[in-house]
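Okay, structure first, notes after.
Residue numbers (the numbering used here), protein chains in the order written: chain S, 1 to 325; chain G, 1001 to 1325.
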């Protein structure tokens, strides 16, 4: 049994161990050395908590989704809040699972009436107006929440990775990965499709409502960027989706009702007192900058050839649970 | 139920359907329109067939790995052939599964004696000497199998994607994704870590033997490139690894013997007559070039914004089964 193969990004529990060694920094040791004030609370109103029916062994299956912050996908996120408050997803199911692609849930029959005020969103809102330039220091300008708003303010954003075309970049902001393109005429930014990203399933010619959602369970399908609304990311329990049996029907839909995984409830975390609480490592913090750098430049003894770079989806912004179950 | 979300790359069965429409080309329609002579047989001697114990419902679980062609990872691949011929893996197990990372198998206790001639390989063989230039047409020069061999011959390679640094590229060759870097002093190439790639687990300071293997079941961990030997890729049955319960022990190792997934047998396909036969879409074919282009530039009605590019791990070279079970 050879365990030297580096463990998952999310295995933060090994951080203390890593610190005891005299190795160069590792992602885990950077997290372990981070300061308390570098962690920001996730607003409970930004957490969707989905409880699936227990598994065959009777074990609980809880999936926690952090909603993407404004100005991204605001219409859909507003819908999601209404759907959760109406307990709309209760009794629906995970009905489609495709390997290296997505697990999808909602009302498979599309017969359930949507709550008042939950409507289709426009398909030109997958991206938002964004900075028209990146500062010399590498910091992006702030987002404009609305077209026509005042000119962007300068703010400290996180690491910006310039693409092969200089007008393109990838970055982290408020705990989320995103990408953008700049031009004198139309500069935009959008949340990226990475492992664990949650998006809005839709039909051709429709922007979707958010009632049908999917989580990415494979290699980042970046070609979906700007073609589907990304509304959040799974920050706990992705394994309850990624380990589900793959559907054998058309497009990976489960062929029988019995295969569907019942959704017991979906709630905003703010709705119940014992809900889990989470913190994310501030995208503007020194520790996050160091974390990204080390992910791209491993010098600990296992690594003979540091990569010297890393793609935006290969750094999952660190999240930790601070309470609840 | 909204199914417009594009299905998996591997859902080739929908190809005929796609062709019936008047849509612009899709990956599926390109495959459907490919010519018979564009598909090449995978040599049965290059297929490792791993049968896991049946699942809880009694269903067979077969995982088929195509070995990487020379000159890549030759020492390890030679070991794998010997291990399979010795039936060495029979009775071992899948003992470690980490979400968005790897499923790993072999002799968890490391007590089983290796067959004669199966030894540690040097950790400087993760990459091989490679073309020192890329032709104007974008085709790479052929690989040199050995340092000091005759100067590279010109051959038709597949699409070459130049990286941000002009000395770097990614490409496809003989059905495998790879990457390379060029310099006047030392030009190298290596197989990439993508979803489904199979690599050699190893300890620090060791190149490993190949007796402990892992398959990638998440976003491409490209930082492992040139740090671990890639020996193949899963071309069928990856779901039997990707859906396994995640391990809860250190580094994702199963905590109890009962959690381990028994390996019934691992055989070279050439060893048994009714083994599955496969073909891959020739990396040098027009259809594969079109396939990659369409993956990067979707113009069918679901896509509002073709990406204009795609990363090497977001194109799984197409494979199809032609016989066997």
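From the three backbone atoms N, C-alpha and C, an ideal C-beta is built for every residue, glycine too.
| Asked | Found |
| --- | --- |
| Roughly how many whole angstroms lie between the Cα atoms of residue 1226 (chain G) and residue 1190 (chain G)? | 7 Å |
| Under the assumption that residue 1228 (chain G) contacts residue 1126 (chain G) (Cβ atoms under 8 Å), give the Cβ distance between them as a whole number of angstroms. | 7 Å |
| Run through DSSP, which three-state label would residue 84 (chain S) get? | helix |
| What are the complete alpha helix (DSSP H) segments, minimum 4 residues, inside the region 1017-1054 of chain G? | 1027-1032 |
| Could you spell out the range, first to last residue, of the alpha helix (DSSP H) harbouring residue 1294 (chain G)? | 1286-1296 |
| Buried or exposed, going by whether 16 or more other CB atoms sit within 10 Å of the CB of residue 1054 (chain G)? | exposed |
| Nearest-angstrom Cα distance between residue 1171 (chain G) and residue 89 (chain S)? | 44 Å |
| Rounded to whole angstroms, what's the CA-CA distance from residue 1043 (chain G) to residue 99 (chain S)? Just pull it up for me. | 26 Å |
| Of all the options G:1224, G:1023, G:1082, which has the alpha carbon lying nearest to the alpha carbon of residue 1045 (chain G)? | G:1082 |
| Is it true that the CB of residue 1194 (chain G) sits closer than 9 Å to the CB of residue 1068 (chain G)? | no |
| Alpha carbon to alpha carbon, how far is residue 1027 (chain G) from residue 203 (chain S)? | 19 Å |
| Could you name the residues that DSSP lists as bridge partners for residue 178 (chain S)? | S:171, S:191 |
| Within 10 Å of its beta-carbon, does residue 1315 (chain G) have 16 or more other beta-carbons around it, so buried, or fewer, so exposed? | buried |
| According to DSSP, is residue 206 (chain S) helix, strand or coil? | coil |
| Just list the residues that DSSP pairs residue 128 (chain S) with in beta bridges. | S:189 |
| Could you give the distance in angstroms between the alpha-carbon of residue 86 (chain S) and the alpha-carbon of residue 1216 (chain G)? | 39 Å |
| Please report the Cβ distance between residue 241 (chain S) and residue 64 (chain S), rounded to the nearest whole angstrom; I am assuming they are in contact, meaning their Cβ atoms lie under 8 Å. | About 11 Å; that fails the 8 Å criterion. |
| Mind checking whether residue 177 (chain S) and residue 128 (chain S) have CB atoms under 9 Å apart? | no |
| What residue from G:1052, G:1118, G:1304, G:1214 has the CA that sits closest to residue 1102 (chain G)'s CA? | G:1214 |
| Is the beta carbon of residue 232 (chain S) closer than 9 Å to that of residue 80 (chain S)? | yes |
| Can you grab the Cα-Cα spacing for the pair residue 1284 (chain G) / residue 1077 (chain G), in whole Å? | 24 Å |
| Excluding the 5 residues preceding and the 5 following residue 255 (chain S) in the sequence, name in chain order all residues of the same chain whose CB lies nearer than 8 Å to its CB. | 247, 248, 249 |
| Would you mind working out which of G:1291, G:1222, G:1278, G:1257 sits nearest residue 305 (chain S), comparing C-alpha positions? | G:1222 |
| Would you mind stating whether residue 320 (chain S) and residue 288 (chain S) have Cβ atoms separated by less than 9 Å? | no |
| Beta-carbon within less than 6 Å of residue 41 (chain S)'s beta-carbon, same chain only, minus the 5 sequence neighbours each way: which residues are those? | 279 |
| Taking the alpha carbon of residue 1198 (chain G) as the reference point, which residue from G:1109, G:1212, G:1185, G:1188 has its own alpha carbon closest? | G:1212 |
| Could you please give the first and the last residue of the uninterrupted beta strand (DSSP E) stretch that includes residue 242 (chain S)? | Looking at the DSSP string, residue 242 (chain S) is not in any beta strand (DSSP E); the run it does join, the alpha helix (DSSP H), is 239-242. |
| Could you pull out every residue in the same chain whose Cβ sits closer than 7 Å to the Cβ of residue 1124 (chain G), ignoring the five residues on either side in sequence? | none |
| Would you check if the distance between the CB atom of residue 1309 (chain G) and the CB atom of residue 1201 (chain G) is smaller than 9 Å? | no |
| Between residue 1118 (chain G) and residue 1210 (chain G), is the Cβ-Cβ spacing less than 9 Å? | yes |
| Decide if residue 266 (chain S) is buried, meaning its Cβ has at least 16 other Cβ atoms within 10 Å, or exposed. | buried |
| How far does the beta strand (DSSP E) with residue 1278 (chain G) in it reach, from first residue to last? | 1277-1281 |
| Specify, as a first and last residue, the run of the beta strand (DSSP E) that residue 323 (chain S) falls within. | 319-323 |
| In its own chain, which residues sit with a C-beta less than 6 Å from the C-beta of residue 1224 (chain G), not counting the 5 before and 5 after it? | 1193 |
| Among the candidates G:1060, G:1025, G:1039, whose CA atom is the shortest distance from the CA of residue 1239 (chain G)? | G:1060 |
| Short of 8 Å Cβ to Cβ, which residues in the region 219-239 of chain S face chain G? | 219, 220, 221, 222, 223, 224, 225, 226, 227, 228, 238, 239 |
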